[in-house]
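*Asks:* As they're listed, the protein sequences go chains A, B and C. All the letters of the first sequence, read from the start, carry residue numbers -3 to 214 under this note's numbering. All the letters of the second sequence, read from the start, carry residue numbers 765 to 1014 under this note's numbering. All the letters of the third sequence, read from the start, carry residue numbers 178 to 486 under this note's numbering. Note that the Cβ used here is the ideal one computed from N, Cα and C, for glycine as well.
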Amino acid sequence: MIWSWIPSNADRILALTVEHLRLALIPVVVGLVLSVPLGWFAKRYPFARAVLVPAAGVLYTIPSLTLFVVLPGILGTRILSEINIIVALTIYTVALLVRTIADALAAVPGLVVAAATAMGYRPARRFLDVELPLAIPVLIAGLRVATVSSISLVSVGALIGVGGLGEFFTEGFQLQFPTEIIVGVALIVLLALAGDAVLLMIGRILTPWNRQAAGGAP
Amino acid sequence: MEPAGGGGRAVNLFLEVVQWFGDASNWSGTRGVPSRLADHLAYTVQALLIAAVIAVPIGAVIGHTGRGGFFVVGTANGLRALPELGMLTLLVGFVGIGLLPLTIALVILAVPPLLAGTYAGVRNTDPAVIDAARGMGMREQEVLTKVELPIAVPLILGGLRTATLQVIATATIGAYIGLSGLGRFLIDGLARNDYTEMAAGAVLVAALALIVEALLGALQRLLVSPGLRTAQASRRAPRQAPVVAGGIAS
Amino acid sequence: MNRTLVALAGLLALGLTACGGGGDPLSGGGAGTAANQPPAAPDVIKVGSANFTESRLLAEIYAQALETKGVKVERSFGIGSREVYFPALKDGSIDLIPEYTGNLLQEIDPQATATASDQVYQELTAKLPDGMIVLEQSAAEDKDAVVITQETAQRYNARSIADLAPHCGELVFGGPPEFAERPYGLPGIERLYNCTFADFRSLDAGGPLTIAALTDGSIQAADLFTTDPTIIDRGWVALEDPQNNFSAQNVVPLVNEAKVNDQVRQTLNSISAALTTDALLQLNREVANAAENTVEQVAKRWLTANNLG
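(1) Strictly by DSSP, which residues pair up with R894 (chain B)?
(2) When you compare only the Cα positions, how much space is there between D400 (chain C) and G351 (chain C)?
(3) Whose Cβ in chain A lies nearer than 8 Å to the Cβ of D159 (chain C)?
(4) Given a limit of 9 Å on CB to CB distance, which residues of the region 800 to 834 of chain B reach chain A?
(5) Could you name the residues of chain C that T934 (chain B) contacts, counting a contact when the two beta carbons are closer than 8 Å?
(6) Can you confirm whether the region 381 to 399 of chain C touches the region 296 to 309 of chain C when touching is taken to mean that 3 or more C-beta pairs between the two stretches lie within less than 8 Å?
(7) Please state the DSSP three-state secondary structure of R118 (chain A).
(8) Shortest alpha-carbon distance to Q459 (chain C) belongs to which of C:D405, C:F423 and C:E347?
(9) Identify, in the order they occur along the chain, each residue of the same chain with its Cβ nearer than 8 Å to the Cβ of Q474 (chain C), setting aside the five sequence neighbours on each side.
(10) Which residues mark the beginning and the end of the alpha helix (DSSP H) in which R795 (chain B) is found?
(11) So Y88 (chain A) is in the alpha helix (DSSP H); what residue range does that whole segment cover?
(12) Could you name the residues that DSSP lists as bridge partners for I325 (chain C)?
(13) Grouping DSSP H, G and I as helix and E and B as strand, with all else coil, what is V250 (chain C)?
(14) Can a CB atom of chain B be found closer than 8 Å to the CB of I(-2) (chain A)?
(15) With burial defined as no fewer than 16 other Cβ atoms inside 10 Å of the residue's Cβ, what is the status of D890 (chain B): buried or exposed?
(16) Do you know how far the Cα of R903 (chain B) is from the Cα of A933 (chain B)?
(17) Rounded to whole angstroms, what's the CA-CA distance from A38 (chain A) to A806 (chain B)? Just pull it up for me.
(18) Please say whether I136 (chain A) and G199 (chain A) have beta carbons closer to each other than 8 Å?
(19) Could you list the residues in the region 257 to 270 of chain C with a C-beta less than 7 Å from some C-beta on chain D, going in chain order?
(20) Do the region 431 to 438 of chain C and the region 350 to 370 of chain C touch if we need at least three Cβ pairs shorter than 8 Å?
(21) Where does the unbroken beta strand (DSSP E) through K223 (chain C) begin, and where does it stop?
(22) Would you list the one or two residues that DSSP bridges to P430 (chain C)?
(23) Count the CB pairs spanning the region 947 to 961 of chain B and the region 812 to 832 of chain B that are closer than 8 Å, and state whether there are at least three.
(24) Count the CB pairs spanning the region 25 to 37 of chain A and the region 76 to 96 of chain A that are closer than 8 Å, and state whether there are at least three.
(25) For the beta strand (DSSP E) holding D376 (chain C), just list the boundary residues, first then last.
(26) Listed in chain order, which residues of the region 837 to 848 of chain B have Cβ atoms closer than 9 Å to some Cβ of chain A?
(27) Pull up the distance between the alpha-carbon of P914 (chain B) and that of A265 (chain C), whole angstroms please.
(28) Determine the DSSP secondary structure at G922 (chain B), reduced to helix, strand or coil.
(29) Tell me whether N228 (chain C) is buried or exposed, calling it buried when 16 or more other Cβ atoms sit within 10 Å of its Cβ.
(30) When you compare the region 905 to 924 of chain B with the region 951 to 964 of chain B, are there three or more beta-carbon pairs, one atom per stretch, that lie closer than 8 Å?
(31) Whether or not the region 914 to 933 of chain B and the region 354 to 374 of chain C are in contact is what I'm after, with contact meaning three or more pairs of Cβ atoms, one per stretch, closer than 8 Å; do they touch?
(32) According to DSSP, simplified to helix, strand and coil, what is P215 (chain C)?
(33) Identify every residue that forms a DSSP beta bridge with E318 (chain C).
(34) Enumerate in chain order the residues of its own chain whose CB-to-CB distance from P876 (chain B) is below 7 Å, with the five nearest sequence positions on each side excluded.
(35) Starting from the Cα of L196 (chain A), find the closest Cα among A:S148, A:P133 and A:A182 and give me that residue.
(36) In chain order, what residues of the region 851 to 864 of chain B put their CB closer than 9 Å to some CB of chain C?
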């Protein structure tokens, strides 16, 4: 491990880290936005659930390299386009979150929903103010998995020339220079853990009622 | 530019892929589907066996004693952050080129879900049942092996399902370090800019994953301990390990 | 109450800032149709490289030289084989990449028969698609070669591919995946020498996989590059090619015409003029010691030594 490599390549490390985060986080946000209505749909209509959940399962099963490599052919994008990575990771996020959200919404106690309706909540308001907040803990759990996976999977894109920090892996392999591989792995793990921690905190902030009961998470 | 829209392009690709599968030369020899599929499965099974030997005993003991649960959860979540390509290329630097770096990487990926599944399964055993077992005079070890583990089987299998899919997916990257397996179609097709080969490889990998997922799912339902085969048990259906791990951790 | 909405909005905002801050992902690798823009001073030149070390080196040399002259440069290194990066140049995802005349010609015209340096260069210039040009070629050459170990050479008394031909059927060949199909790859070797190998292993472009495989004997013949110091260091034999299956491979910059102004042209031409085959060998040797010499450092040293950086 050649420590001096880090300061002398700080610019490149920073640039690739920013690119990496961009490629990883946009899909999570877009995926979340897409999944909430889809998840609601799946919870509300059994036929939708019967279609969406298995479809999500299928999509999630497709390995990342496979998706990265095939999307340019289907989408007609350029091989070096970041869109390939972003679309693929969005698909994974949606596939993961749709099921999570459907389950989370289904787990909201019927009594609470009934009480809200009795209090005069219209369906849309009720969804936003009652059901969704109660589904947050499970939703956050799913988001954490999606975020960590996303940050990790971006690096596979290096095999098609767009991989953020993954470039350190392919270059380090060709040059047989483990130092940059180690730096890449360490940064990705750090970013993933940081993202995980941030989401955990957001979850705690958004659910004050959980904090009062039995001290929350272990 | 091309007049055909995305739909036209996709249809073309589809037809070419069908043709590729119809071509007998793609089904024979060391560069054919059967040979690479066999290699892929060999890499997968080998890694899963090693991972199971490591993860199941540890998960069982931790689940039974209840000590170190935090460690299990932490590892399961933390190891998910490890980038597969990075681990693979790094391991090559340490152990050289060949099957060993891939096997090690696959084992590292397979252990967390197996560990989490076993831990959750053993942990979730109804305390009343454990009490009854102890009351009957069973020693701790017997409680674990004769009561908790059989009850834990669905969740262990859930962990196995997740682990298997992870391993099948990551084994495709083995082609980057010169190994065989279905990933070969992806990497070679990429190098030759041969979309048909890449797409065919994608179909093969996806199909393999789906078939294995379905088989293990069926196995999971079949192997529920007879004592648990009630309507209630099947509703408390075994979840896949990511949600299990996520649920434990939140 | 509206905490949830605020949180979701916050996440969305975060996502959008990531969008804007780091560059618009929807623009992909390049803005607009490169070929039709007027050749004004280029705002930015996107330099790409293939997935082998020498290509990265040459690309880094081009990039640094341009930067010293004040040209803004973006790097996309390690893209892949020519089959992957050539379309990337065509669609404007990259603007400049170091190339080798012979192989490039055969990519454009698989039936090309020119093998001598000047002929190859002439045909290349004539056949390049619109919007792409090559600048002056360098005397430096790096060719593919069929390489065998000392033992194999002695066993079959082989100095050239023709000598090896009768025994090819007993040997396993290893090289990058594309070698199995390129005109000068297995097809060319079979056609010109009647040499058909027992099997082909897809490895990498003259990289660690191929070298390890030849070393441990899992392959007995390999596609390596003539400026790779490993061949000399291990006492391996790069077989002679009397039929010229591998044509001349002079290093040449392949550029998007729209990005070439006098300054760019002059900079790249002076690099080509200063580069020699021996220099390539030496540079490759330095970079092989990756712990001491990064690609950037090696490039910088060479440029300084040649008064180009």
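*Replies:* So, to answer that:
(1) Numbered from its first residue, the second sequence carries residue 894 (chain B) at position 130. Before going further, note that residue 894 (chain B) is Ile rather than Arg in the sequence given. According to DSSP, I894 (chain B) bridges with nothing at all.
(2) Along the third sequence, read from residue 1 onward, the residue named residue 400 (chain C) stands at position 223. Along the third sequence, read from residue 1 onward, the residue named residue 351 (chain C) stands at position 174. D400 (chain C) and G351 (chain C): Cα-Cα distance of roughly 6 Å.
(3) Given that chain C is displayed from residue 178 to residue 486, the structure contains no residue 159 (chain C) and the question cannot be resolved.
(4) Answer set for the region 800 to 834 of chain B: G833 and F834.
(5) Within the second sequence, the letter at position 170 stands for residue 934 (chain B). Near T934 (chain B) there are no residues of chain C at all, since even the closest Cβ is about 18 Å away, more than 8 Å.
(6) Result no; under three Cβ-Cβ pairs closer than 8 Å.
(7) For the purposes of this step, residue 118 (chain A) is identified with residue 122 of the first sequence, where counting begins at 1. Three-state result, R118 (chain A): coil.
(8) The residue you call residue 459 (chain C) lines up with position 282 of the third sequence. For Q459 (chain C), the nearest C-alpha among the options comes from C:D405.
(9) By one-based count along the third sequence, residue 474 (chain C) stands at place 297. Nothing meets the Cβ criterion.
(10) For the purposes of this step, residue 795 (chain B) is taken as the residue at position 31 of the second sequence. Premise fails: R795 (chain B) is in no alpha helix (DSSP H) and is neither H nor E.
(11) To locate residue 88 (chain A), count along the first sequence from 1; it is residue 92. Counting along the chain, the alpha helix (DSSP H) containing Y88 (chain A) begins and ends at E78 to A102.
(12) Looking up residue 325 (chain C) in the third sequence gives position 148. Bridge partners of I325 (chain C): C:V414.
(13) Position 73 of the third sequence, counted from the start, is the residue given in the question as residue 250 (chain C). Reduced to three states, the DSSP call for V250 (chain C) is strand.
(14) Along the first sequence, one-based indexing puts residue -2 (chain A) at 2. Answer no: the Cβ-Cβ gap between I(-2) (chain A) and chain B never drops below 8 Å.
(15) For the purposes of this step, residue 890 (chain B) is taken as residue 126 along the second sequence, with counting starting at 1. With a 10 Å radius around the Cβ and a threshold of 16 neighbouring Cβ atoms, D890 (chain B) comes out exposed.
(16) Counting from 1 along the second sequence, the entry for residue 933 (chain B) is found at position 169. Counting from 1 along the second sequence, the entry for residue 903 (chain B) is found at position 139. Between A933 (chain B) and R903 (chain B), the C-alpha separation is close to 41 Å.
(17) For this step, residue 38 (chain A) is matched to residue 42 along the first sequence. For this step, residue 806 (chain B) is matched to residue 42 along the second sequence. About 38 Å.
(18) Sequence index remark: in the first sequence, residue 199 (chain A) carries index 203 (1-based). Sequence index remark: in the first sequence, residue 136 (chain A) carries index 140 (1-based). Yes, Cβ-Cβ distance for G199 (chain A) and I136 (chain A) is below 8 Å.
(19) Note that chain D does not occur in the displayed structure, where the protein chains are A, B and C.
(20) no
(21) Along the third sequence, read from residue 1 onward, the residue named residue 223 (chain C) stands at position 46. Its beta strand (DSSP E) spans residues I222 to G225.
(22) As a first step, residue 430 (chain C) is located in the third sequence; it is residue number 253 there, counting from the start. DSSP lists C:P275 as partners of P430 (chain C).
(23) no
(24) yes
(25) One-based indexing of the third sequence puts residue 376 (chain C) at position 199. First-last of the beta strand (DSSP E) with D376 (chain C): D376 to S379.
(26) V837, N841, G842, R844, A845, L846, P847 and E848
(27) Stepping through the second sequence from its first residue, residue 914 (chain B) is reached at position 150. Stepping through the third sequence from its first residue, residue 265 (chain C) is reached at position 88. Straight-line Cα distance between these residues: approximately 56 Å.
(28) Within the second sequence, the letter at position 158 stands for residue 922 (chain B). In the structure shown, G922 (chain B) sits in a helix (DSSP, three-state: H, G or I).
(29) Here residue 228 (chain C) refers to the residue found at position 51 of the third sequence. Buried, because 16 or more other Cβ atoms sit within 10 Å of the Cβ of N228 (chain C).
(30) no
(31) no
(32) Taking the third sequence and counting its residues from 1, the one referred to as residue 215 (chain C) is at position 38. Per-residue confidence for P215 (chain C) stands at a pLDDT of 45, beneath the threshold of 50, marking its modelled position as unreliable; the derived number appears in the next sentence. Looking at P215 (chain C) - three-state DSSP - the assignment turns out to be coil, as it is neither helix nor strand.
(33) Reading the third sequence from its first residue, position 141 is the one you call residue 318 (chain C). In DSSP, E318 (chain C) forms a bridge with C:N427.
(34) Within the second sequence, numbered from 1, the residue matching residue 876 (chain B) stands at position 112. The answer, listed in chain order, is T839, A840, L843 and R844.
(35) For the purposes of this step, residue 196 (chain A) is taken as the residue at position 200 of the first sequence. For the residues A:S148, A:P133 and A:A182, the minimum Cα distance to L196 (chain A) belongs to A:P133.
(36) V856, G860, I861 and G862
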